[in-house]
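Shown next, in structure tokens, is the structure this report addresses.
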Amino acid sequence: MKARTMFEKIWDNHAIHEEAGKPSLLYIDLHLVHEVTSPQAFEGLRLAGRKVRRPELTFATMDHNVPTADRFNVADPISRQQMETLTENCKEFGITLADLNSPDQGIVHVIGPELGLTHPGKTIVCGDSHTSTHGAFGALAFGIGTSEVEHVLATQCLQQLKPKTMEVRVNGDLPFGVSAKDLILAIIAKYGTDFATGYVVEYTGAAIRNLTMEERMTVCNMTIEGGARAGLIAPDQTTFDYLKGKRFVPQGEDFLAAVGAWKQLCTDEGAQYDTCVEIDASQIAPQVTWGTSPGMGTNITSTVPDPESFETTAQRKAAQDALAYMDLTPGTPMSEIKIDRVFIGSCTNGRIEDLRKAAEVAKGRKVSPSVHAMVVPGSQAVKQLAEQEGLHLVFQEAGFDWRESGCSMCLAMNPDILSEGERCASTSNRNFEGRQGRGGRTHLVSPEMAAAAAIAGHFVDVREWKSENASKEVFQ
Amino acid sequence: MNPFVIHNGLVAPLDRVNVDTDAIIPKQFLKRIERSGFGQFLFYEWRFAVDGSTIDSFILNTPEYKDSTILLARNNFGCGSSREHAPWALMDYGFRAVIAPSFADIFYNNCFKNGILPITLSEEQVDELFNRAQGKKDYHLTVDLQEQVVRDSEGLSYPFEVDSYRRYCLLNGLDDIGITLQYENKIAAYEANRR
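The structure is reproduced here in structure tokens:
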């Protein structure tokens with residue numbers, strides 16, 4: 072049999088109907104639903120008199136609109152209506168919903184893996200671009216629009232044109248103090264925000280193998296910011312250890328059988344990708360974005376670039392526009408940029424390991440008086456675990472605001488929002504104009520870098536803080 | 578869905594790369610539970626100041642472009658969030674086609690579900706269209722999906738590629754769900770096999 076990539080195997084396992092000149096009909100194993108991109112889809116079903124074909128393969132939660140201070144007090148009536156609409160739709164169509172009262176509630180891409188809904192080899196969709204997160208498990212997972220949400224609800228299938236495949240091989244190992252967030256930001260800074268448009272990216276190489284599951288999720292999560300349809304990482308012992316015992320994962324002998332099947336998914340030796348790129352992880356430093364696109368990033372040790380240094384007219388203009396919006400001057404050291412706000416959370420970096428890393432930096436230190444810093448756990452389960460470990464106390468003693476779970480200031484649909492001109496160190500995924508609030512200025516960083524910036528009041532090279540001999544006086 | 582066959586309209590040149598869906602329709606307007614009524618919020622933060630006044634310098638606020646129906650843009654148009662509110666807003670505002678050197682994947686796909694035609698041309702061709710559209714204020718293009726060509730009245734003619742099946746569905750205004758349900762037997766057989 073022909074050697075196949077992991078993507079091709081998953082595709083072949085789910086292609087129900089293929090015909091030359093037409094998209095394939097792909098079966099969907101898991102459909103995640105949230106309150107923002109689903110109301111029009113349910114309305115479409117009602118208008119056409121259609122049912123949800125497989126409610127048991129559909130799982131819903133509310134995350135985008137949820138207030139993180141007092142979650143049951145939804146002040147915005149339109150937000151409240153959107154959440155109530157989801158509740159009514161789930162009831163009407165028989166879909167399990169983790170609502171605000173549920174201990175399972177959280178950001179849809181955080182709860183899927185932690186409940187064990189996400190398995191290697193599954194096809195997973197959600198009306199949300201960061202569905203690519205689930206690719207960390209070797210699932211083919213991608214975001215869809217609301218028309219497609221309706222299509223999956225009605226048919227449990229999607230019409231899909233087959234994407235091309237790209238291997239991103241990450242050689243070497245990430246240096247001390249450099250995180251998975253830095254890796255994906257560096258990849259996008261190097262190759263651009265549309266380098267993978269039309270492709271499913273499979274990450275391979277030693278650096279990827281050494282990542283934990285949560286770090287792999289961070290990498291796959293932001294793969295969409297490189298334009299890719301999906302990101303994939305082959306399942307291995309790290310994956311199986313993470314999944315074992317999770318609620319919706321097969322148990323006992325069934326688990327062993329599942330692991331046997333999952334192992335078969337890996338790309339065959341000799342299988343060909345349509346294209347390949349290689350990078351050296353050992354050369355990557357902590358990243359900070361300076362612009363209004365995730366690709367506009369650089370090393371913490373570097374400076375704000377001069378727009379004139381870019382190759383094309385379009386790039387120069389984009390950099391000029393971005394620096395004007397960000398109110399930054401070329402040549403300014405990244406470490407001299409002062410911040411007003413810090414946001415630690417989101418489907419990119421709102422998991423327990425992210426909070427542990429941020430807490431490690433925050434421990435025994437104080438948030439700068441000029442900064443408001445908040446920590447928003449990705450889910451109620453993350454929040455509960457963090458509180459068991461006492462992380463909330465570490466944060467609170469340092470002066471961080473400890474919140475309830477939700478998407479929060481990643482996109483600021485809830486009350487967590489930047490004011491005009493405020494500058495934020497954010498562990499989220501998008502630094503678009505106005506993303507975190509009109510006129511707000513977002514710098515994307517890792518959780519460690521965000522925590523350090525909260526304390527210093529400006530960006531710092533967290534590697535120095537982490538080194539054993541670092542003395543506190545230097546930084547305060 | 579409304580079919581798209583051929584369209585002649587005024588071209589609005591939006592000279593920015595990486596126009597994201599947050600810019601096309603900011604998040605505060607995603608809370609509606611209907612598909613309609615999003616046009617008033619299109620490019621909201623570029624069209625309107627914080628106090629609600631009109632920002633005159635923004636292209637769509639200049640009187641010459643009030644009736645534009647074809648948006649000319651730069652690379653990676655529609656990147657970011659999967660929100661289908663972006664094509665809903667474009668459509669509701671009056672746009673029927675977007676021309677750019679490249680589009681983000683999910684946005685591109687969402688356009689076809691809503692009767693908007695996204696057209697990919699080379700960077701050189703898009704540069705030329707920008708020259709022409711910025712050179713005179715009433716620059717019109719004819720977008721012909723049947724013939725797969727973009728034409729102006731001065732003899733410019735750019736053929737474009739589009740997936741044949743997407744073209745077929747858009748020309749006929751076909752509902753995807755109806756098409757998929759024709760394969761009900763195959764779906765049921767696949768499900769039976771896996772249970």
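Going down the list, the protein sequences come from chains A and B. Each number in my numbering comes from the position in the first sequence (counting from 1) with 71 added on. Each number in my numbering comes from the position in the second sequence (counting from 1) with 577 added on. Beta carbons are placed, not taken as given, at the ideal position from N, Cα and C, and that holds for glycine.
Neighbourhood of A:Leu232 in chain B, by CB distance below 9 angstroms: Asn686, Asp740, Tyr742, Arg743, in chain order. Classified as exposed, A:Leu232 has fewer than 16 neighbouring CB atoms from the shown chains inside 10 Å of its CB. Taking C-alpha positions only, A:Gly492 is separated from A:Arg512 by approximately 7 angstroms. By the 16-neighbour rule on beta-carbons within 10 angstroms, A:Cys161 is buried.
Counting along the chain, the unbroken beta strand (DSSP E) around B:Leu648 starts and ends at 647-649.
Residues of the segment 355-382 of chain A whose Cβ lies closer than 7 angstroms to any Cβ of chain B, in chain order: Ser364. DSSP lists no bridge partner for A:Arg121.
If you draw a straight line from the Cα of B:Ile693 to the Cα of A:Thr283, it comes to about 42 angstroms. Excluding its 5 nearest sequence neighbours in each direction, A:Leu168 has C-beta neighbours in its own chain below 6 angstroms: Ala131, Cys161, listed in chain order.
Between A:Cys291 and A:Tyr98, the CB-CB gap reaches or exceeds 7 angstroms. Here A:Val446 carries a strand assignment [DSSP, helix/strand/coil]. Taking 7 angstroms as the CB threshold, A:Pro110 lines the interface with chain B. Contact note: A:Gln152 reaches chain B through Lys608, Ile610, using a C-beta cutoff of 8 angstroms and chain order. DSSP, read as helix, strand or coil, puts A:Arg240 in strand. In this structure, the beta-carbon distance from A:Gly366 to A:Ile259 falls below 7 angstroms. Taking 7 angstroms as the cut-off, the beta carbon of A:Thr202 is found no closer than this to the beta carbon of A:Gly192.
The beta carbon of B:Ile632 sits no closer than 7 angstroms to any beta carbon of chain A.
The Cβ atoms of A:Phe247 and A:Ser406 lie no closer than 7 angstroms to each other. Identification of chain B residues near A:Cys228 by a Cβ-Cβ cut-off of 7 angstroms yields Thr757, Ile764, ordered along the chain. Only buried fits A:Leu224, as 16 or more other CB atoms lie within 10 angstroms of its CB.
Around the beta-carbon of A:Phe319, fewer than 16 other beta-carbon atoms lie within 10 Å, marking it exposed. Residues are counted here when their Cβ sits less than 8 angstroms from a Cβ of chain B; for the segment 75-94 of chain A these are Ile87, His88, Gly92, Lys93, Pro94, given in chain order. In chain order, Lys608, Arg609 make up the part of chain B whose C-beta sits under 8 angstroms from the C-beta of A:Ile149. At least 7 angstroms separates the CB of B:Ser699 from every CB of chain A.
In chain order, Gly616, Leu619 place their CB closer than 6 angstroms to the CB of B:Tyr670, counting only its own chain and leaving out the 5 sequence neighbours on each side. An exposed status is given to B:Ile632, since fewer than 16 other beta-carbon atoms sit within 10 Å of its beta-carbon.
Under the three-state reduction of DSSP output, A:Gln358 falls in the strand class.
Annotation for B:Ile754: the continuous alpha helix (DSSP H) segment containing it runs 753-758. Segment contact: the segment 168-184 of chain A against the segment 125-143 of chain A, three or more CB-CB distances shorter than 8 angstroms; contact assigned. In this structure the segment 350-359 of chain A does not touch the segment 379-387 of chain A; the number of beta carbon pairs closer than 8 angstroms is below three. Between A:Ile415 and A:Ala522 the beta-carbon gap is near 7 angstroms, inside 8 angstroms, which marks them as a contact.
Setting aside the 5 residues that flank it on each side, B:Ser645 is surrounded in the same chain by Leu587, Ala589, each with a C-beta closer than 6 angstroms to its C-beta; the list follows chain order.
Per DSSP, A:Cys478 lies in no alpha helix (DSSP H) and is assigned neither H nor E. By the rule that beta-carbons nearer than 7 angstroms mark a contact, B:Pro603 touches chain A. With fewer than three CB-CB distances shorter than 8 angstroms, the segment 597-608 of chain B does not count as touching the segment 712-729 of chain B. Using a Cβ-Cβ cut-off of 8 angstroms, B:Asn652 is close to Asp265, Ala385 of chain A, given in chain order.
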